[in-house]
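One structure below.
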Amino acid sequence: MKTITFPLEGMHCASCVVRNEEALKKVSGVQDASVNFALKQATVTYDEQVAAPEAFAKAVESIGYKAVLPAVSAPSHGGHHDEAEKEKAREHMHHDEVGTARKKAIWALALAAPAAAVGMFGVEFGRVMYGYALSMWFVAALSTAVILGIGWQFHRGMVKDARHLAPGMDTLISLGTLAALLYSVWALARGAEDVYFEIGAVITALILLGKFFEARSTGQASAAVRKLLELGAKTARVIRGGKEVEMPVERVAVGDTLLVKPGEKIPVDGEIITGGTNVDESMLTGESMPVSKGEDDLVYGATVNIDGAITLVAKKVGADTVLAQIARMVADAQTKKAPIQKLADRISGVFVPIVLVIAAVTFVVWYLATGDVTASFIPAIAVLVIACPCALGLATPTAIMVGTGLGAQNGILIKNGESFERAKRIDAVLFDKTGTLTEGKPRVTDVVPMGGRSADEVLGVAASLEKLSEHPLAQAVVRAAEEKGLALSEVKSFKSVTGQGVEGVVGGAAARVGRLAFAVGQETKTVDSSLQKLEQQAKTVIAAARGNELLGLIAIADTLKADAKDAVAALKKQGIETVMITGDNERTGHAIGKQVGIDTVFAQVMPEDKVEKVKEMQKKGKRVAFVGDGINDAPALAQADLGIAIGTGTDIAIEAGHLVLVKGRPAKVVEALALSRLTFRTIKQNLFWAFFYNAAAIPLAALGWLNPIIAAAAMAFSSVSVVGNSLRIKRWKSM
């Protein structure tokens, strides 16, 4: 299956969404089709062996719209450069749309305003011509120019709707304004005083003004992908043949050696070969604190090298970089619908025909009650004008665009609109321990010297031996010594004893590091007491001895992330149950759970059994969010009501999770749930007001309590209010 996304021209309301989706889904070979009203584009998943993009273009053209298919070109490896070019094209198209809408609104207002002033206030001037003062003909001429000239798009749209027996927004506006114009012409012909030229003109002008504001606002909502892509470096310094060559970043290949100077953006994802620096990764992680980087560390394109010159080898370029993957994920999320939007689309699909019936019934009832065509005509027009379902079409996609864009800026990647709904009502958060609540690599936490020795002496002897070992605990001891700047001694006769420790000759004396019984061959009550105390804190303890003398104990643990405790406390404060799952033994697991503030701990759980723990909680009626590293946790992430994958840069495009936290701190889990709830709450607010607006306004219009001009103003700005409410999400602040 292949997926293609392309712009659609001629879309005006939520009814257009339904018609385009139905037409695309009828094409043989199409598995799914989704149309986004806010972005004015379609996304189609299809079988390449059966269907082709040209068939999609024909399908939408057959119902009066135009598909702008991407140009066929040679394969490119430009990655985010290519995406940036596409985004520039979309931006240019949007800029043209806003410019055209602005011009039409200005001209319509410029002509409708004097017509309204003269017509509504009964101003008369000029000599009488054919029974009416010149002022009447002035109003008629200006209004006709606005309704038939500047507002021609609505009438053209009505003809298209009628041809395909699918009335939409254009039909409502066209019927309303043409009714005002034609009635007024008829009234003039029979010498009547009651004419409503200016009503049609003002309605057209206000709706065009609303269209301008709507176009400008949706542009603000959809700016997230463009802003992300703008973060990338444009050029790179590549070292070839011993010389620095500056070239466009899209020409960098995997394996190239690059030089990045202080203050420059890192061009691609790579691994540092020489040098050290601090890197600002806030564009990826949302974290403001720089990250220290040295040899063998990974760095990512578009992050900023702060204070050191580094050389790196390119590992990922173009579409494979973290930046390109993030931009692609955000773009995908903005094109996919939330399930709640499908309800709005279904309603919009039948809404316009119902409104036409209501308008007709309104006219007939008023005429039967009053016998007055004028009194019947005004409320019928108001019904037509007030009922446009634009706000319904914008309610969900604008909120999703703002929410996903803001999340990406804060290191929270929301993969689709469905994720917002999944996150709205989470009862329990189940954390995988390693790499999620903890750093994922052991560190020396305590050095307990014995017999008057210093901590540095104990650590120095232990590290001298352990530097020859590949064991993760041994590497933690060596790292601790290096961080303190300790000089390590030469080791002779090194030997590793499986399951016990290591031994050798250090400084002319036999030394051992490992289990206490292995190191000294005995256990004293004093040592046993210290050992138990450290082990109760979920730490692994090794002993260092020289000769037969115990030098001291070294405690090693996979340390908790700095904000783990605060994150758990924040979730519990919200009434969300917190659970930890670990492969550690019961004592270690509960000790870590106590440290972080988690009450429920599942210990000694094999990776393949994690999914069963999620199912157990779901059987108890819990809506479970599972937080894991996205590799061995994939089944549990997929099973959970909400899968939250911790990204590490190398596995940023995790498929199993619904949300991805880039280099996520545990606090990001709290932020992700908060942002998701805020976005979904905004969607519900938008839909409520869109539904409520029509439900309340149509009866008022039918009863004659709503002037058509007021109805036009209200309809025009209802869409703007929905977009404005969505833009309020931008005020959200991360922890």
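Sequence positions in the sequence shown follow numbering that gives the first Met the number 0 and run 0 to 734.
Even for Gly, the Cβ is constructed at its ideal location relative to N, Cα and C.
Within the same chain, show all residues whose beta-carbon is closer than 8 Å to that of residue i, passing over the 5 residues directly before and after it, in chain order.
i	result
Lys-494	Val-501, Glu-502 and Gly-503
Val-595	Leu-436, Leu-559, Ala-563, Lys-564, Val-567 and Met-579
Ala-509	Glu-502, Gly-503, Arg-545 and Gly-546
Lys-260	Arg-236, Asn-304 and Ala-308
Trp-146	According to the sequence provided, residue 146 is Ile. The question's Trp does not apply to it. If we look at Ile-146 and ignore the five residues flanking it on each side, its Cβ neighbours are Thr-176, Leu-177, Ala-179, Leu-180, Gly-199, Ala-200 and Thr-203.
Lys-440	Pro-471, Ala-475 and Asp-557
Lys-25	Ala-58
Ile-130	Sequence inspection shows Gly at residue 130; the Ile mentioned does not correspond to that position. Excluding sequence neighbours, Gly-130 sits near Gly-190.
Met-246	Thr-234, Ala-235 and Val-237
Ala-359	Ala-379
Give me, in chain order, the residues of the same chain whose beta-carbon lies closer than 6 Å to that of residue i; leave out the 5 immediate sequence neighbours on both sides.
i	result
Glu-8	Lys-65
Asp-296	Ile-271
Ile-377	none
Ala-73	Model confidence at Ala-73 stands at a pLDDT of 40, short of 50, so the residue's coordinates are unreliable and nothing is read from them.
Leu-530	Val-540
Asp-628	Gly-434 and Ile-645
Ala-100	Lys-210, Phe-211 and Ala-214
Glu-20	Ala-32 and Val-34
Is the beta carbon of residue i less than 7 Å from the beta carbon of residue j?
i	j	result
Ala-462	Val-476	yes
Val-457	Leu-549	no
Asp-640	Arg-622	yes
Val-43	Phe-55	yes
Ala-700	Ile-206	no
Gly-167	Thr-203	no
Ala-353	Gly-300	Sequence inspection shows Ile at residue 353; the Ala mentioned does not correspond to that position. Cβ distance not < 7 Å, so Ile-353 and Gly-300 don't count as in contact.
Ala-602	Thr-581	yes
Gly-156	Asp-169	yes
Gln-638	Val-600	no
Thr-256	Val-312	yes
Ala-381	Phe-362	no
Ala-114	Leu-141	yes
Leu-464	Val-512	yes
Ala-590	Ala-516	no
Val-16	Val-29	no
Ala-32	Ile-62	no
Val-194	Ala-186	yes
Leu-258	Thr-310	yes
Val-298	Val-251	no
Which residues in the same chain have their Cβ closer than 7 Å to the Cβ of residue i, if we skip the five residues on either side of it in sequence?
i	result
Met-119	Glu-197
Glu-534	Val-540
Gly-121	none
Gly-293	Ile-271 and Gly-275
Lys-314	Val-253, Asp-268, Gly-269 and Glu-270
Val-460	Val-505, Ala-510, Ala-543, Arg-545 and Leu-550
Asn-724	Thr-681, Gln-684 and Asn-685
Ile-575	Ile-425, Asp-426, Ala-427 and Val-428
Glu-670	Asn-409, Ile-411, Ser-733 and Met-734
Asp-279	Pro-289, Thr-302, Val-303 and Ile-305
In the DSSP assignment, find the unbroken alpha helix (DSSP H) run with residue i in it and report its ends.
i	result
Ser-736	In the structure as shown, the chain begins at 0 and stops at 734. Residue 736 is therefore absent and cannot be evaluated.
Thr-176	168-188
Lys-414	Here Lys-414 belongs to no alpha helix (DSSP H), and DSSP marks it neither H nor E.
Asp-565	563-572
Met-135	133-143
Val-607	First, the residue type needs correcting, since residue 607 is Glu and not Val in the sequence shown. Note, Glu-607: premise wrong, no alpha helix (DSSP H); not H, not E.
Gly-588	585-595
Arg-664	Taken as a continuous stretch (DSSP letters only), Arg-664 belongs to no alpha helix (DSSP H), as it is neither H nor E.
Can you name the start and end residues of the beta strand (DSSP E) that residue i belongs to?
i	result
Leu-311	309-315
Leu-7	1-8
Arg-545	539-545
Phe-735	Look at the range of the chain in this structure, 0 to 734, and you will see that residue 735 is not part of it.
Phe-625	623-627
Pro-69	Segment: none, Pro-69 is in no beta strand (DSSP E) and carries neither H nor E.
Arg-40	In the sequence as presented, Arg is not what sits at residue 40; that position holds Gln. That run of the beta strand (DSSP E) goes 40-45.
Glu-53	Counting along the chain, Glu-53 falls outside any beta strand (DSSP E), though it belongs to the alpha helix (DSSP H) covering 52-60.
field: Complete beta strand (DSSP E) runs within the stretch 352-404 (minimum length 3 residues, chain order)
entry: none
task: Answer yes if the stretch 29-41 comes into contact with the stretch 170-188, meaning at least three C-beta pairs across the two stretches below 8 Å, and no otherwise.
output: no
- request: Could you tell me whether the stretch 716-730 touches the stretch 394-401, using the rule of 3 or more Cβ pairs below 8 Å?
  value: yes
message: Count Cβ pairs between the stretch 667-683 and the stretch 417-431 that sit closer than 8 Å; are there 3 or more?
response: yes
message: As an exercise, report each continuous beta strand (DSSP E) stretch of at least 3 residues that is fully enclosed by the stretch 479-503, in chain order.
response: 490-496
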